[in-house]
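Data block below; observations after.
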Amino acid sequence: MEIEEVISAIERQDSISIDESFSFAKITSVLLRIDEEKGRKIIIYILDNWVKLPKETYEIWTDLIESAGFYPYLEKEKEKLQFNNLAGEIRKGCHLSENLGDKYFHEQQKYLKSILDSGKNLIVSAPTSFGKSLLIEEIVASKKFKNIVVIQPTLALLDETRKKLKKYKEKYKIIVRTSQEYSEEKGNLFLLTAERVMEYKNLPIIDFFVIDEFYKLSAERDDERSDILNNSFYKLLQQDPVPKFYLLGPNIDNISCGFEEKYNAVFYKTNYSLIDNKTIDVYSGQKEKFDKPRKYKGYKENVLFEKLFELIDEQTIIYCSSPSRVRELSNNFCTFLETKNIQKKDSLPLIEWIKQNVSPQWNLIKCLEFEIGINDGALPKHINSSMIDYFNDKKLKYIFCTSTIIEGVNTSAKNVIFFDKTKGKKTLIDFFDYSNIKGRSGRMMVHYVGRVFNFNSPPKKKEEMIIDIPFHQQSPIKDEVLNGLKDEDIKPTTKETEQYKDLMKIPEDQRILFQKNGILIKGQKQILDIIIDLDKVYSVTTKAGNENYKIYDLLNWTYAPSYIQIKFLLELCWKNLMKKGESPKVKSLDQLVFLVSEYGRNGSILSLVQKNFNYSKNHNNQNKTDDELLNQSIEEIFNILRHWFQYKIPKWLSVMNELQKYACEKKGVTSGNYSVYAAKIENDFVRDNLTILSEYGIPTSAINKIASSLDKDLSEDEILKKVVEVSLASNELLQYEKDKIFNCL
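For reference, each letter of the sequence shown is one residue, going 5 to 749 in our numbering.
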């Protein structure tokens with residue numbers, strides 16, 4: 005009997021006879037010896053259909069569950085599983101975590117822990133549902149290491165990690181930003197992006213570090229931040245003694261040749277999972293119409309909405325190609341639910357906050373009333389995290405999201421729908437990304453079986469997924485990585501390349517400066533060559549025409565630039581620091597200059613929304629309603645806030661600050677200072693000692709309400725200790741704002 009026949013019989017039948025149960029158990033027992041993955045798969049479906057089993061066979065199935073190493077399930081289901089196997093009980097006890105209370109490791113988690121305990125470094129490729137991050141908590145809880153660094157690709161993931169690990173704050177000071185000083189008295193837990201690892205001055209000796217989603221090291225996957233991740237990895241490896249490390253990620257077949265041997269590491273790939281991802285093909289039966297979206301406009305959407313309505317009692321994640329698709333589909337689904345007379349709910353505190361701080365007309369309100377969430381890179385951080393919290397607490401039934409589902413958040417659901425086949429407008433989802441989307445279906449310890457509904461033909465696996473580690477492999481390697489390597493770590497073959505020779509033509513002091521800035525070396529060199537002659541005249545284009553200024557006059561400012569000065573800086577950066585193929589997320593450079601100038605002048609996002617709305621209304625060529633234009637303006641400005649104001653503009657200002665200092669020092673004249681202005685832009689004009697609260701995901705609206713009760717001279721640590729007390733005494737805070745403060749701290 006084939007495995008698929010066994011699983012089909014388990015799922016199809018209302019009950020399983022004693023003979024059938026024994027027969028299935030015999031097949032499973034054999035498979036666990038010759039093909040473990042298939043044996044485990046049958047066990048997962050048995051667990052999912054346990055009520056169908058005759059009680060007489062409970063014990064034999066319990067023994068098989070133990071044989072598969074599913075110890076977390078043995079503990080979770082101990083009331084109904086009949087476990088009379090003393091040897092099995094002893095083995096189960098051996099899988100109890102020494103440091104995490106009543107948590108049990110499954111068989112392969114226990115094995116990986118033994119590798120770490122042996123002193124080896126560990127590189128793991130395992131499914132999303134494997135429980136790789138549990139080992140991070142085990143390491144922290146063991147208190148073996150004084151200083152630990154956890155590097156994750158997004159602030160959202162780091163915030164989730166901080167919430168999980170804040171219970172260890174008595175042993176470790178938790179550090180999430182570069183302005184926080186580390187503790188000498190107790191341990192330190194640095195939860196940082198790769199950029200912040202590079203920016204943190206005077207790191208203490210690090211004993212252990214973690215890189216989550218380590219596939220982002222690869223130069224071949226064209227991730228724009230792979231260079232900074234390589235640099236942070238290499239930086240940590242330069243410490244003496246060299247710290248131990250744990251790299252984790254999904255669906256990777258191998259890593260750069262020789263890396264394991266050089267760094268005393270073990271690469272371990274496994275498909276071990278305590279859940280199964282069952283695929284349902286929606287595409288094949290609808291191929292003709294799905295492949296012709298213009299001719300059959302709305303058809304695919306309607307199939308999606310009917311499927312979601314059918315799944316209304318279960319939670320579902322819907323993968324969309326972009327933030328605009330997220331908005332479009334979620335709004336259209338609201339309209340669909342209205343036709344089904346679904347009762348709206350107005351119970352989420354976020355709704356009240358949106359009405360008071362954004363607009364009562366924002367479509368997100370209606371989505372939330374229909375228990376629909378959205379998650380993408382364009383929303384404010386605190387809203388994105390609230391969406392995930394609400395979804396995990398089952399206060400939302402649906403969540404429409406972008407590639408954040410792959411790498412930006414830790415959540416999963418009974419059902420995942422692979423609706424769009426691209427990432428952005430043109431980049432096709434490849435097998436690697438599809439596998440990660442698929443891996444979000446089912447949740448360990450919640451669902452035994454997750455379902456993936458394919459609305460597209462799933463990508464085929466073309467070749468092995470081998471992650472190159474550029475600072476080690478050095479082919480390919482970006483200038484930004486190569487420039488940071490010690491001479492003894494650069495391979496002889498690399499030194500023979502034109503790339504290396506061209507890099508060495510740049511004066512050493514400039515190469516050191518460019519490396520410190522951590523951004524495109526060629527772009528920085530081009531900018532420096534322009535500004536190094538401070539007396540040179542530069543022509544800035546304005547509405548009145550071209551205006552000529554000395555470069556020194558354009559660079560020499562502190563606290564706040566004029567419109568001409570900010571245009572000059574952004575124009576240089578736009579032309580020289582934007583990476584090839586990078587999406588600007590604004591209509592033009594002129595729009596960006598205008599928005600930055602306006603934001604720097606009045607510090608109000610809502611003011612920008614209003615100005616954007618007014619502009620759109622005056623140039624409304626598509627006959628959109630005011631509500632449509634308002635929603636479009638909100639989404640555009642929030643997107644610009646996240647991408648430009650909170651990330652790219654502060655980085656560009658920081659780079660330009662260092663470049664102009666260098667140029668001014670060469671000429672022996674006073675330089676400008678852009679650091680105050682950059683900090684205000686990045687932190688939504690929140691007072692310096694209160695910006696830590698923004699980092700913790702507390703809305704600016706709440707921070708501004710309690711700011712007067714928090715002394716300007718308090719340190720960040722003192723702020724974190726006092727803010728809950730101040731919040732309890734405040735009568736101004738909305739329920740949502742109180743919830744965020746208490747949940748975040």
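We treat Cβ as the ideally placed atom computed from N, Cα and C, and that holds for glycine.
Computed from a prediction, not measured in an experiment: that's the story for all the values here.
Near residue i, which residues of its chain fall below 7 Å by C-beta distance, leaving aside the five closest residues on each side in sequence?
| i | result |
| --- | --- |
| residue 637 | 613, 616, 617, 620 |
| residue 279 | 48, 133, 446, 448, 451, 452, 453, 454 |
| residue 348 | 373, 374 |
| residue 485 | 231, 234, 235, 474, 475 |
| residue 66 | 85, 86, 87 |
Within this structure, are the beta carbons of residue i and residue j separated by less than 7 Å?
| i | j | result |
| --- | --- | --- |
| residue 448 | residue 133 | yes |
| residue 419 | residue 354 | no |
| residue 15 | residue 217 | no |
| residue 459 | residue 276 | no |
| residue 396 | residue 415 | yes |
| residue 326 | residue 488 | no |
| residue 597 | residue 574 | yes |
| residue 248 | residue 125 | yes |
| residue 555 | residue 600 | no |
| residue 362 | residue 160 | no |
| residue 210 | residue 240 | yes |
| residue 42 | residue 20 | no |
| residue 131 | residue 386 | no |
| residue 251 | residue 284 | no |
| residue 182 | residue 166 | no |
| residue 701 | residue 163 | yes |
| residue 291 | residue 300 | no |
| residue 70 | residue 97 | no |
| residue 338 | residue 311 | no |
DSSP beta-bridge partners for residue i?
| i | result |
| --- | --- |
| residue 269 | 125 |
| residue 377 | 403 |
| residue 259 | 471 |
| residue 215 | 155, 251 |
| residue 422 | 323, 458 |
| residue 445 | 417 |
| residue 543 | 552 |
| residue 191 | 176 |
| residue 453 | 280 |
| residue 432 | 426 |
| residue 108 | 100 |
| residue 3 | Past the boundaries of the shown model lies residue 3; the chain is included only from 5 to 749, so the question cannot be answered. |
| residue 196 | 155 |
| residue 562 | 677 |
Which residues in the same chain as residue i place their Cβ atom closer than 8 Å to its Cβ, once the five residues preceding and following it in sequence are excluded?
| i | result |
| --- | --- |
| residue 683 | 654, 692, 695 |
| residue 46 | 7, 10, 11, 14, 28, 31, 32, 35 |
| residue 661 | 676, 677, 678, 679, 682 |
| residue 5 | 27, 31 |
Who are the Cβ neighbours of residue i in its own chain at under 6 Å, not counting the five residues just before and after it?
| i | result |
| --- | --- |
| residue 536 | 667 |
| residue 770 | Residue 770 is absent from the model: the chain starts at 5 and stops at 749. |
| residue 462 | 438 |
| residue 440 | 254, 410 |
| residue 530 | 580 |
| residue 365 | 631, 634 |
**OP:** At 3 residues or longer, and completely inside the segment 273-328: list those beta strand (DSSP E) runs for me, N to C.
**Re:** 280-285, 320-323
**OP:** Determine, using beta-carbon pairs with one atom in the segment 720-728 and one in the segment 693-701, whether at least three such pairs fall under 8 Å.
**Re:** yes
Original post:
Hey, is the segment 138-151 in contact with the segment 114-121, meaning 3+ C-beta pairs nearer than 8 Å?
Top reply: yes
**OP:** State whether the segment 662-681 contacts the segment 545-563, with contact taken as three or more CB pairs (one from each stretch) at a distance under 8 Å.
**Re:** yes
Original post:
Are there three or more Cβ pairs, one per stretch, closer than 8 Å when the segment 221-239 is compared with the segment 84-92?
Top reply: no
**OP:** Give a yes or no on contact between the segment 730-742 and the segment 357-370, applying the rule of three or more CB pairs nearer than 8 Å.
**Re:** yes
**OP:** Would you check if there are 3 or more beta carbon pairs closer than 8 Å linking the segment 307-325 to the segment 388-405?
**Re:** yes
Subject >> Completely contained beta strand (DSSP E) runs for the segment 39-87, where each covers 3 or more residues >> reply: none
Original post:
Which ranges would you report for the alpha helix (DSSP H) in the segment 644-714 if only whole runs of at least 4 residues count?
Top reply: 653-671, 679-686, 695-699, 704-710
Original post:
Taking three-plus beta-carbon pairs below 8 Å as touching, is the segment 515-534 in contact with the segment 625-641?
Top reply: no
Original post:
Would the segment 165-181 and the segment 99-117 be scored as touching if the rule is three or more Cβ pairs under 8 Å?
Top reply: no
Original post:
Hey, is the segment 154-167 in contact with the segment 191-202, meaning 3+ C-beta pairs nearer than 8 Å?
Top reply: yes
**OP:** Examine the Cβ distances between the segment 71-83 and the segment 98-111 and report whether three or more of them are shorter than 8 Å.
**Re:** yes
**OP:** Pick out the complete alpha helix (DSSP H) segments inside the segment 336-388, 4 residues or longer, and give them in chain order.
**Re:** 353-361, 367-373
**OP:** Spell out a yes or no on whether the segment 247-265 and the segment 464-472 are touching, meaning 3 or more CB-CB pairs, one atom from each, closer than 8 Å.
**Re:** yes
Original post:
For the 8 Å Cβ check, are there 3 or more pairs between the segment 480-494 and the segment 536-553?
Top reply: no
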